[in-house]
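Trainee: Residue 1 is where the sequence shown starts when you use the UniProt record's numbering, and the numbers rise one by one after that. The beta-carbon is built from N, C-alpha and C at its ideal position, and this holds for glycine as well.
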Amino acid sequence: MRIGDAAGKAGLTPRALRYYEEQGLVAARRTPSGHRVYGPDEVRRLRTVRELLEAGLTVSDLRTLAPLLDAMPGHDAPGLLRDRGPGPQRTVEHVARRRLDDLDARIERLVQLRERLAAQLGAPARAPGRVAPYEGTLRE
1 MRIGDAAGKA GLTPRALRYY EEQGLVAARR TPSGHRVYGP DEVRRLRTVR
51 ELLEAGLTVS DLRTLAPLLD AMPGHDAPGL LRDRGPGPQR TVEHVARRRL
101 DDLDARIERL VQLRERLAAQ LGAPARAPGR VAPYEGTLRE
């Protein structure tokens, strides 16, 4: 199938699909005239890429995992992240845990920034993890 059809079946845009190909996350076959052609295996791979990105991994993470994804065809993203075991699964888990640590650090930093800004605005304190609307006025 052509790029537009494959992208649609994978829940992506053709532009995103081209980008993932440039990044080495999926390979397309080419027709003699140079058009990209994708089969069911590539569409499954693209869905896995999309799901792993939606789970919080980055394109850089997926470039690291690309050889493992090649070695484990047919695995969906939840299965890759959930299954535990030796070899490739351990690498997937390591990359995912590293990303989780990065996300936790970013969240902590954002909470600190929010608290600092709220204090400067005189906004009420709130429990972490809950967003409250600001109801005051800005001070000059």
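1. Between L81 and G122, what straight-line distance do the alpha-carbon atoms span, to the nearest angstrom?
2. Distance, Cα to Cα, V49 vs T64?
3. Can you check whether the CB of L46 is closer than 8 Å to the CB of A6?
4. Apart from the five residues just before and just after R15, which ones in its own chain have a Cβ nearer than 6 Å to its Cβ?
5. Would A71 pass as a contact of V43 if the rule is Cβ separation under 8 Å?
6. For the alpha helix (DSSP H) that V26 lies in, which residues bound it at each end?
7. Pull up the distance between the alpha-carbon of V26 and that of L100, whole angstroms please.
8. Measuring CB to CB, does V59 end up less than 8 Å from Q112?
9. Can you give the beta carbon distance from L68 to T31, rounded, assuming they're within the 8 Å contact cut?
10. If we ignore side chains and look at the alpha-carbon of each, how far apart do T17 and A119 end up?
11. Indicate the three-state DSSP secondary structure (helix, strand or coil) for L121 in the structure shown.
Mentor: On the basis of the data shown:
1. 42 Å
2. CA-to-CA, the gap between V49 and T64 works out to about 12 Å.
3. Result yes, Cβ atoms of A6 and L46 sit closer than 8 Å.
4. none
5. no
6. Element bounds for V26: n/a, residue is neither H nor E.
7. 24 Å
8. no
9. L68 to T31, Cβ: 29 Å. No contact.
10. The question names Thr, yet the displayed sequence has Leu at residue 17. Distance between the alpha carbons of L17 and A119 is about 44 Å.
11. helix
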